[in-house]
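To keep things clear, I will list the structure first and then write my remarks on it.
In our numbering, the protein residues as written are 9 to 377.
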């Protein structure tokens, strides 16, 4: 499109005055740029609009062709578009309306020539082909309709480019099948015509590790002969240990049977009784009766803590509360509540002290144990 002067190109003085929304990194100013990889992407919600200032545009002769360009065929491609013109950007005149096709590439339409007094163009996107947001790569306001050959060539290049991408994706997604003996050949699969940067170094990487996929003795770590002999001796030792344990169990079983027969025949009853008494005596001597915990230490700690708390309340808290400046009714109620609680605690403390003195007096008079 370099052979056509576009009044809506930033290189010709066009600029964005306002847009309804734009995603981060995809500003509305991108539609005034000829770089087809840049785009204006809106947030969710329709309609969306962009106002373009063309008062400084170098091309204001006979602008009678409007169009836009979308790189891909998405549901967010514009469907219904309306074009408005204005000389002061405060009152608008509807100039034309368009029905976009659901495909990638250019959409050009012949319109009535834009008036020379027009300084602002508003593009209003009313609907899409199914998405809740929309996008445009570039917009155009030209004097003449581009030639069909140019549009077809552009369309063909886009289709070819998309086909190349799909072909490359198919090649990358096709699973590789190879026998174990041909594991080293995994680095020799055909390279796609279009591929990301990381595939450029695949051969160098796979060359370093291809030996790992080959079936050969050097890739196996087999145990050494002395390690196998050591393992065999250890297993044999386990068998000997099991035999010794079985012999000990058999001997113990025989002794238990002999003792049981002696008890039934009452030939060693006295001996069994003596053994039992000896065991019971030993157990009784070594039994330790539980000792009651010494609560006096806890009581002393509690008494010390309460004493210090009482001193802090009297010497610090009450004085601080007396200095508090009351700023609201709520604060007044809080302070009064704190003071009343301290008074109640002091009265309760006096009652407990009197009760304690009374109990001590009763103990002294031996009326209470």
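The beta-carbon is built from N, C-alpha and C at its ideal position, and this holds for glycine as well. Please read these numbers as outputs of a predicted model, since none were measured by experiment.
Point to revise | Top-ranked residue by Cα proximity to residue 89, from 70, 63, 82, 117 | key: 117
Point to revise | Given 8 Å, three or more beta-carbon pairs between the region 16 to 27 and the region 39 to 53 | key: yes
Check your understanding: Closest Cβ-Cβ distance between residue 84 and chain D: below 8 Å?
Key -> Among the chains of the structure shown, chain D does not appear; only one protein chain is present.
Point to revise | Same chain only: Cβ atoms within 7 Å of residue 55, ignoring 5 sequence neighbours per side | key: 132, 133, 134
**Study point:** Three-state secondary structure (DSSP) of residue 82
**Key:** coil
Check your understanding: What residue from 64, 361, 319, 121 has the CA that sits closest to residue 70's CA?
Key -> 121
Practice item. Put residue 36 into one of helix, strand or coil per three-state DSSP. Key: helix
Point to revise | Whole-angstrom C-beta distance between residue 101 and residue 114, which should lie under 8 Å | key: Wrong, their Cβ atoms sit about 25 Å apart, outside the cutoff.
**Study point:** residue 76, DSSP secondary structure in three states
**Key:** strand
Check your understanding: At a cut-off of 7 Å, is residue 119 close to the ligand HEM when judged by its beta-carbon and the heavy atoms of the ligand?
Key -> Among the components of this structure there are no ligands whatsoever, and the ligand HEM is therefore not found.
Practice item. Assign residue 323 to buried or exposed, taking buried as 16 or more other Cβ atoms, counted over all protein chains shown, within 10 Å of its Cβ. Key: exposed
Check your understanding: With a cut-off of 8 Å, do at least 3 Cβ pairs link the region 104 to 111 to the region 29 to 38?
Key -> no
Exercise for review: For the beta strand (DSSP E) containing residue 69, list its first residue and its last residue.
Suggested key: Neither: residue 69 is in no beta strand (DSSP E) and is coded neither H nor E.
Exercise for review: May I ask you to list the residues that DSSP assigns as paired with residue 54?
Suggested key: Note: residue 54 sits in no beta bridge, so no partner.
Practice item. Go ahead and pull the three-state DSSP assignment for residue 23. Key: strand
Check your understanding: CA-CA distance, residue 141 and residue 86?
Key -> 9 Å
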